[in-house]
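In the numbering used here, the protein residues as written are 2 to 269.
Positions of the beta carbon are idealized from the N, C-alpha and C atoms, including for glycine.
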Amino acid sequence: MQTAQSDYFSAYRQLRLARDAMGVLVAEFHSNGGPCIMNAQGHTEFVNAFYRIAQDRANKIVILTGAGGDFIINVDWSSFGDVSDPGVWSQIHDEGVQVLENIANIRVPVIAAIEGRAYVHSDYVLLGNVIVAGESATFQDVAHYAVGVAPGDGIFTTWSYRAGAGRAEAFLLDPKPLPARTAQEWGVVAEVVPNGQALNRARELAELYLKAPEVTRRNTRVHFIQPLKERVVREVGYGLSLEGASSADLVKSKQVKGEPVAQKRKSA
């Protein structure tokens, strides 16, 4: 039974949702209309957003992209508060697991269109079936080992699944921009297109995929995502626990050195 649930389209500050007449939903990550900087509010919002997207059968294809030619480029660390506080990390842990499971639960083909920097939570991107990248697109992980935190939130799970464990480990231990062409050689990116054409190409692929019957489209996505979904369920909760412990240790080390640390987040 088809049910339109577009009441949620305007519910999120960091995710712009728009669906065309064919049922192709474009989910654009942004911060005030520009490139997205991950913060605590967005971290919470994305859990609900992708649950609703997956639940809405009026969505026939989902395209993930970002504003201003980028995906997510950085993190507002202070917005999360004191990550050494077990109550604060408990929320981050739960949301981190839930958002990946909710993206994996989208039961229609998912395409990612990446033009510029995918520097934070590229694991969201790698949960898509197909990634189309502009020539200048780059992938990096600026949110974990680069700042002294274990990469346990799904970034290793998704990159090791798509590119292989050895490449993923090297990529995450020495975080530097990975060009789109190299990501294509690794089997992560499906197509590299001229700059400015990634979203257009994603729409072309969506139109192609829509030629198949709806049940075929849905069942194909379910079939393709299942092995990675199993790894997400099995690994990410544990990984986020390790990340939480390393985050607490980082805070402690900063306190010992007299460096400023974030204060506990105030309730909204």
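Counted as a single uninterrupted DSSP element, the alpha helix (DSSP H) harbouring E186 occupies residues A181 to E186. Between the stretch 119–128 and the stretch 146–153 there are fewer than three inter-stretch CB-CB distances shorter than 8 angstroms, so the stretches are not counted as touching. The beta-carbon distance between F47 and V109, rounded to whole angstroms, is 18 angstroms. This is too long to meet the 8 angstroms contact definition. Residue nearest to G135 within the set I107, A184 and D95 is A184 (criterion: CA-CA distance). The C-beta of K258 has fewer than 16 other C-beta atoms within 10 Å across all chains shown, which makes the residue exposed.
Residues E96 of the same chain have their beta carbon placed closer than 7 angstroms to that of T45, with the five preceding and five following residues left out of the count.
In the three-state DSSP reduction, A207 falls in the helix class (H, G or I).
In the DSSP annotation of this structure, the continuous segment of the beta strand (DSSP E) that includes R17 starts and ends at L16 to R20. Between the C-alpha atoms of M39 and Y210 there is a straight-line separation of about 31 angstroms. By the criterion of a C-beta distance shorter than 6 angstroms, Q141 is surrounded in its chain by Y120, P176 and P178, once the five residues flanking it on both sides are discounted. DSSP places S32 in the strand class (E or B) of the three-state scheme. For E192, the uninterrupted beta strand (DSSP E) run begins and ends at E192 to V194, by DSSP. CA-CA distance, I112 to N75, rounds to 22 angstroms. The straight-line gap separating the alpha-carbon atoms of Y9 and N60 is approximately 13 angstroms.
Between the alpha carbons of V27 and Y162 lies a gap of roughly 25 angstroms.
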